[in-house]
Each structure stands twice: as structure tokens, then as C-alpha cells.
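> Going by our numbering, the first residue of the sequence shown is number 11, and it counts up by one from there. We put the CB at the ideal spot given by N, CA and C, even for glycine. Here the structure is a predicted model, which is why all the values come from computation and not from measurement. Before we start, here is the structure in question, set down as C-alpha cells.
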Amino acid sequence: MLLKNIPLVALFLLVSMQSALTQGYPEKWCGTTEKSAWLDWYFENRNALHAQRGADTSWLYVPMTIHFVGNDAGTGYFPTDQAMRAVCEMNEKYAPAHIRYYLFPGEPFAYHNKTSWYDHDWNGGSEMINANRLPDRINNFVVGNPAGNCGYSWQDAVVMGRGCSGAGNSTWSHEFGHHLSLPHPFFGWEDFTWDYSKPAPEKVNGRLVEKMDGSNCHNAGDRFCDTRPDYLNYRWTCNSNFESTLLLHDPNDSTFRSDATLFMGYSLDECASRFSDEQIDAMRTNLYTEHSNYLQITDPLDGLSNAQSLQLLSPIDTQVVQYNNINMVFNAPGNGSIYVLEIGLLESFVPTIYTQTVYAPDQAQISIHVDKNMPNNRRLYWRIKAYNEWDVCLASPLAVGVFKTQNLSGTSWLDRNLQFELMPNPVAEGTNAQLLVSAANKLDGKILVIDLAGKICMQMNVDISASEQTIDIPTAQLSPGAYILQLQSDKGILTKRLVVTQ
Ligand SMILES: [Zn+2]
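Structure follows, in C-alpha cells:
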């Protein structure tokens, strides 16, 4: 049942965890440059295809498996709930085309741990796709770095960079458009350097350059006549008319601005909002022909029934639980199958300190076991985001459960009520180490640093309050070597090993 487990251990790791989620922006937006052979066939046969199919507005349902790719250590996965949000948003963008994506029943997700796939060059990407592509669906890989791009469509798979997959992105819709045969409106101009203040040449990279008068729209650029000429092969912002701020010159020196509303162009996410009618016709025809194996259902699948009925059962009402061994139990909504558990330090869940995804179709009551160290002696919050293969949009509001952590199996009062971490450890001589203490109660105590011969090298009195605090441990008086750090109080003694390096 367990599909994924992202251990984000103690609160002391929060800072590094947050920075790991921030990705640099890639040097290129889209890595798709190949021409679709199918599209050549389509343009040759478009009229016959239209005559055969007539006016067709039926909904086309397209299954996909999301491949979450992590590094060798099994970390770096794009979060499940963000992937669901990305598909949900993509469905809004494809609704005018009457195309809807859903997750392949029984195989919504796959997980792969390989650093050379997570952060790949073109060879690594090809290897990743060919080793893992599943039949009869769109295989959508989400990685850390797709060969320096935001994403690409290649070898009958789609690959997304997690850094370009945030809320409001149009990258997913753009790459899925490529997958269904669409070229860039500026097709031919990819990687071409040009001084746009001059009239464009007649040909670029062997392709005719599209003119404003429409005289060559069937043969130039993307060959769709309802997408205007576009030569801009870099990310560009739009003006208030959703056009390029830059004025372009066609080969006849007619001036125009690129259309920023098209998902298949390179305008910024907030400028793009549509596919053209001819683009939609090509994508739908592609689904009826080249990718007809995707069209497996003609009616919607069952969605979640009564998502609000998801009920948290345990732990709730500030119940005290063992900090590293917690069973999260809830009643599932009808037809639920995909659940994302989140644990937060605050009711806002900012930050979320732990997430776990579970795939559990057809179960009325679900139990998720958390055996990682949660912050001890803390009030914590948990919630469940529920989905199924069809219902990829999050239903809200979400119920929130409150619980308290303790070390119930600790032998002394201190073990049960206090957690402490020493970092950095080893520590360089002369640098302060820090003792991070999380306590359930106020406490007077003493910190001792003892060398391996039993000699007390340093001691200090401490007042510990009933919360989290950081206590500096100076090492200036300590020569390099190993020490025992003791926290002594009338409630007992806790120890940590401390190593001082040169
Ligand atoms: Zn592209």
C-alpha cells in the first residue's frame, strides 16, 4: 500500500529542507525541437479526416502515469499533491479542447531513484524514458533537471522539471501539446540568433518564415493558419494586449507583435491562456490516430463521493502519542484511492514537516504508520488530502487533527519529556556547537563537557523553558578530540557524544 515515504525528520532540519525545495531556473524553457512525422501526415490528409469524422465535440479522456524521479538516496521527489494540482490546472486549460487527463487506474504513480535520471543530460533522459515507459498512456516524468530545460516531449514521453511545475505554470500544458503533435508557433527559429529589428529572412534553419499576409501560413512556421507569425525563441513577457512588447518584422518588413495567448509559444505563464482551433483539431486527431491506444474509456470514471466525509479518527483532540511511532487513522471518502498525509508544526501547515503518500483503493478506513522521528514534546497538526485517479483536484476544506508527541517509552522523566540535538557535530575547534532543546516542562539544570579520561572540561548552569531553545556550547577551551556532553538535572541525566576537530 505504501508508495512513497519522504522522511523529513526533526524540526532541526527544517532550514535545509526548505532550501532543497527551491530549484534554480533552467537555462532553456522547452527542449522540444523535433518535428512530428505524424503532423506531416495530418496536414496531407486533414480534409479527408474532417470529412470522415465530421463535427466532433465528444470528450476525449487520456490516461497518464506520473513517474516521480528522485536521486540515488530516494529524495527529491516532486510532491504528490503538487503533481495532482498540476494535472488539475492542466485539465482546465484543455477543457475547451474537450480533452481531459486522468491517472491510469491501478498505476497512477511510479517511483524511480537514480541521480543520473533525476539530474540528467539527453543520454540520461533517453535511458530513463526507455527503461520505464509504460504502455497505453502518457508517461509523464517529473525530475530535478531535464537536460537544462523546464521540460520536453521526446520518445513518446513527457519530462517536466520540478522547478517549472509550480502553481500557475503552463509548462505541463505546453509539453503535453507537443506530445499530441503541436510544434512551437515559431517552429524553425529554435536556437536561431537574430536581430529582430531587421526584416526576417525568407527561410530560417531551412524552413519558410511565416508572413503577416497569410500567403505562406500553410507551409511556414507551425503551419497552422490561425496562429499568427511568431519568431520569439526565448521566454518573453507580454503587454496589456497579450502581445509581445517587441515589434517584429516579417520578410516583407510588415510589422507585428507575437501572440502571447498561445500555450505553445514562449510567452510567460501568466500571458498564455489558449490553444487555437486548428491546434485543437490536430491534438484531437492525433488522439484518434497516432495515440488511439489512449482512448480506453468513453465515459468519466467515478469521482470521489462526498470528499468532505473524510473523517480523522486518531490521533485527535491533543491525544499524546509516541513521537516516533504514530498511527494516523481516518475514514476515507467513497471512491478515494490516493491520500497525502501532511504533518505540520502549525495549523497553517507552513512549514509541512512530513508528508507521506499512500495508494489505497477501495478501503473505508485507512491507517498510515509514521515511524520517523517527529519533533518530541510538541503539539503537532495533521491532515489528509484525498484524491482518486479521476478526481485530481483537491476538495476543501480539510479537517485538521491535533496531537502531542512524547517519548512514552523513555525510562527517565527526561527521556520522556525532553529532546535534544547537538550540531554541528563534529564541530571545528573554536566554533560554538549548538544544543537544540525541546522540553515539555521548565527545568533547571547543568551542562557538563567531560573528556574521555573523565575530567570535567567545562560546565555551565542552564534554565530550560517549556519550549524550544538553542544553547551555545563554546569549544574554545576544548582541544580536538571526543567528549561526552551531559545535561544534568534533578529529573535525570541525558548524554551526547561531542567531537571537536582542528
Ligand atoms: Zn516547447
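Run the proximity test for His189: is its beta-carbon closer than 7 angstroms to any non-hydrogen atom belonging to ligand 1?
The residue given as residue 189 occupies position 179 in the sequence shown. Incorrect: His189 has no Cβ contact closer than 7 angstroms to ligand 1.
> Can you find a heavy atom of ligand 2 that lies under 7 angstroms from the Cβ of Thr271?
Questions concerning ligand 2 fall outside what the structure shown contains, since the ligands it does hold are ligand 1.
> Excluding the 5 residues preceding and the 5 following Gly502 in the sequence, name in chain order all residues of the same chain whose CB lies nearer than 8 angstroms to its CB.
Position 492 of the sequence shown holds residue 502. Ser422, Trp423, Leu424 and Asp425.
> Would you mind giving the Cβ-Cβ distance between Tyr349 and Ala396, rounded to the nearest angstrom? I have them listed as a contact below 8 angstroms.
Taking the sequence shown and counting its residues from 1, the one referred to as residue 349 is at position 339. Taking the sequence shown and counting its residues from 1, the one referred to as residue 396 is at position 386. Rounded, the Cβ-Cβ distance is 6 angstroms, consistent with contact.
> Helix, strand or coil for Ala476? Go by DSSP, reduced to three states.
Indexing the sequence shown from 1 puts residue 476 at position 466. In the structure shown, Ala476 sits in coil (DSSP, three-state: anything other than H, G, I, E or B).
> Does DSSP put Ala492 in a helix, in a strand, or in coil?
For the purposes of this step, residue 492 is identified with residue 482 of the sequence shown, where counting begins at 1. Strand at Ala492.
> For Cys40, is the beta carbon positioned less than 7 angstroms from some heavy atom of ligand 1?
Along the sequence shown, one-based indexing puts residue 40 at 30. Cys40 Cβ: within cutoff of ligand 1.
> Using DSSP with H/G/I as helix, E/B as strand and the rest coil, what is Lys103?
Taking the sequence shown and counting its residues from 1, one reaches residue 103 at position 93. Look at Lys103 here: in three-state DSSP terms it is helix.
> So, is Arg389 buried or exposed, given that buried needs 16 or more other C-beta atoms within 10 angstroms?
Position 379 of the sequence shown, counted from the start, is the residue given in the question as residue 389. Answer is exposed; the Cβ neighbour count stays below 16.
> Going by beta carbon distance, what residues of the same chain come within less than 6 angstroms of Leu311, once the five residues before and after it are set aside?
As a first step, residue 311 is located in the sequence shown; it is residue number 301 there, counting from the start. Trp400.
> Is it true that the CB of Met470 sits closer than 8 angstroms to the CB of Val487?
For the purposes of this step, residue 487 is identified with residue 477 of the sequence shown, where counting begins at 1. For the purposes of this step, residue 470 is identified with residue 460 of the sequence shown, where counting begins at 1. Correcting the residue type first, residue 487 is Gln in the shown sequence and not Val. No. Outside cutoff.
> With the cut-off set at 8 angstroms, would you say Thr237 and Gln289 are in Cβ contact?
For the purposes of this step, residue 237 is taken as residue 227 along the sequence shown, with counting starting at 1. For the purposes of this step, residue 289 is taken as residue 279 along the sequence shown, with counting starting at 1. Their beta carbons are under 8 angstroms apart, which means Thr237 touches Gln289 by this criterion.
> Between the alpha carbons of Asn417 and Ser448, how many angstroms are there, rounded?
Within the sequence shown, numbered from 1, the residue matching residue 417 stands at position 407. Within the sequence shown, numbered from 1, the residue matching residue 448 stands at position 438. Rounded to whole angstroms, Asn417 to Ser448 spans 12 angstroms at the Cα level.
> According to the neighbour-count rule (16 or more other Cβ atoms, all chains shown, within 10 Å of its Cβ), is Val360 buried or exposed?
Residue numbering aside, residue 360 sits at position 350 when the sequence shown is read from its first letter. Label assigned to Val360: exposed.
> Let me know if Ala157 comes out buried or exposed under the rule of 16 or more other beta-carbons within 10 Å of its beta-carbon.
Here residue 157 corresponds to residue number 147 of the sequence shown, with the count starting at 1. Burial call: buried.
> In chain order, what residues of the same chain have a beta carbon less than 6 angstroms from the beta carbon of Ser183, not counting five sequence neighbours either side?
Residue numbering aside, residue 183 sits at position 173 when the sequence shown is read from its first letter. Cβ neighbours of Ser183 beyond the five flanking positions: Met100, Lys103 and Phe273.
> Quick one, which of Ala96, Cys235, Thr485 and Ile109 has its alpha-carbon nearest Ser68's?
The count along the sequence shown starts at 1 and reaches residue 68 at position 58. Among Ala96, Cys235, Thr485 and Ile109, the Cα nearest to that of Ser68 belongs to Ile109.
> Determine the direct distance from the alpha carbon of Phe196 to that of Ser254, and round the result to whole angstroms.
The sequence position of residue 254 within the sequence shown is 244, counting from 1. The sequence position of residue 196 within the sequence shown is 186, counting from 1. Their backbone Cα atoms lie some 13 angstroms apart in a straight line.
> Give the straight-line distance between the Cα atoms of His194 and Ala120, rounded to the nearest whole angstrom.
Taking the sequence shown and counting its residues from 1, the one referred to as residue 194 is at position 184. Taking the sequence shown and counting its residues from 1, the one referred to as residue 120 is at position 110. Cα to Cα, the separation comes out at about 30 angstroms.
> Pick out whichever of Leu323, Phe413, Gln444 and Lys452 has its Cα sitting closest to the Cα of Asn334.
Along the sequence shown, read from residue 1 onward, the residue named residue 334 stands at position 324. Ranking Leu323, Phe413, Gln444 and Lys452 by Cα distance to Asn334 puts Phe413 first.
> Spell out a yes or no on whether the stretch 434-444 and the stretch 375-386 are touching, meaning 3 or more CB-CB pairs, one atom from each, closer than 8 angstroms.
Taking a contact to require three or more Cβ pairs closer than 8 angstroms, the stretch 434-444 and the stretch 375-386 do not qualify as touching.
> Check whether the Cβ of His194 lies closer than 7 angstroms to any heavy atom of ligand 1, and answer yes or no.
The residue given as residue 194 occupies position 184 in the sequence shown. At least one heavy atom of ligand 1 is nearer than 7 angstroms to the Cβ of His194, so yes.
> Thinking just about the alpha-carbon of each residue, which of Val97, Leu504 and Pro261 is nearest to the one in Ala177?
One-based indexing of the sequence shown puts residue 177 at position 167. Among Val97, Leu504 and Pro261, the Cα nearest to that of Ala177 is on Val97.
> Check Met94 in the structure and name its three-state DSSP category.
Within the sequence shown, residue 94 is the residue found at index 84, counting from 1. DSSP places Met94 within a helical segment (H, G or I) once states are collapsed to three.
> From the DSSP output, which residues share a beta bridge with Ala486?
Stepping through the sequence shown from its first residue, residue 486 is reached at position 476. The partner list for Ala486 (beta bridge, DSSP) is empty, contrary to what the question assumes.
> So Asn387 is in the beta strand (DSSP E); what residue range does that whole segment cover?
Indexing the sequence shown from 1 puts residue 387 at position 377. Where Asn387 is concerned, there is no enclosing beta strand (DSSP E), given that its DSSP letter is neither H nor E.
> Please report the straight-line C-alpha distance between Val153 and Ile307, rounded to a whole angstrom.
Within the sequence shown, the letter at position 143 stands for residue 153. Within the sequence shown, the letter at position 297 stands for residue 307. Inter-residue distance for Val153 and Ile307 is about 29 angstroms (C-alpha atoms, whole angstroms).
> Tyr519 and Arg233: beta carbons closer than 8 angstroms?
No answer is possible for residue 519: the residues shown for the chain start at 11 and end at 512.
> Excluding sequence positions up to five away, which residues of its chain have a Cβ less than 6 angstroms from the Cβ of Asn296?
Walking along the sequence shown from the start, residue 296 turns up at place 286. Cβ neighbours of Asn296 beyond the five flanking positions: Leu190 and Ser191.
> Measure from the alpha carbon of Asp240 to the alpha carbon of each residue in Val169, Gly344, Ala270 and Arg393, then state which is nearest.
Within the sequence shown, the letter at position 230 stands for residue 240. Of the listed residues, the one whose Cα sits closest to Asp240 is Ala270.
> Between His184 and ligand 1, is the CB less than 7 angstroms from at least one heavy atom?
As a first step, residue 184 is located in the sequence shown; it is residue number 174 there, counting from the start. Yes, since a heavy atom of ligand 1 falls inside the 7 angstroms radius drawn around the Cβ of His184.
> Quick one: which unbroken beta strand (DSSP E) runs of 3-plus residues sit fully inside the stretch 392-475? Chain order, please.
Within the stretch 392-475, the runs of beta strand (DSSP E) that reach at least 3 residues and sit entirely inside it are, in chain order, 411-416, 428-433, 443-449, 453-461 and 466-474.
> Should Asn150 be labelled buried (16 or more other beta-carbon atoms within 10 Å of its own) or exposed?
Numbered from its first residue, the sequence shown carries residue 150 at position 140. Buried, because 16 or more other Cβ atoms sit within 10 Å of the Cβ of Asn150.
> Give the DSSP-derived three-state secondary structure of Phe53 in the structure shown.
Against the sequence shown, residue 53 aligns to sequence position 43. Note: Phe53 maps to helix in three-state DSSP.
> Indicate whether Pro343 and Leu323 have their beta-carbon atoms separated by less than 8 angstroms.
Position 333 of the sequence shown, counting from 1, holds the residue named residue 343. Position 313 of the sequence shown, counting from 1, holds the residue named residue 323. Not a contact, by the Cβ cut-off of 8 angstroms.
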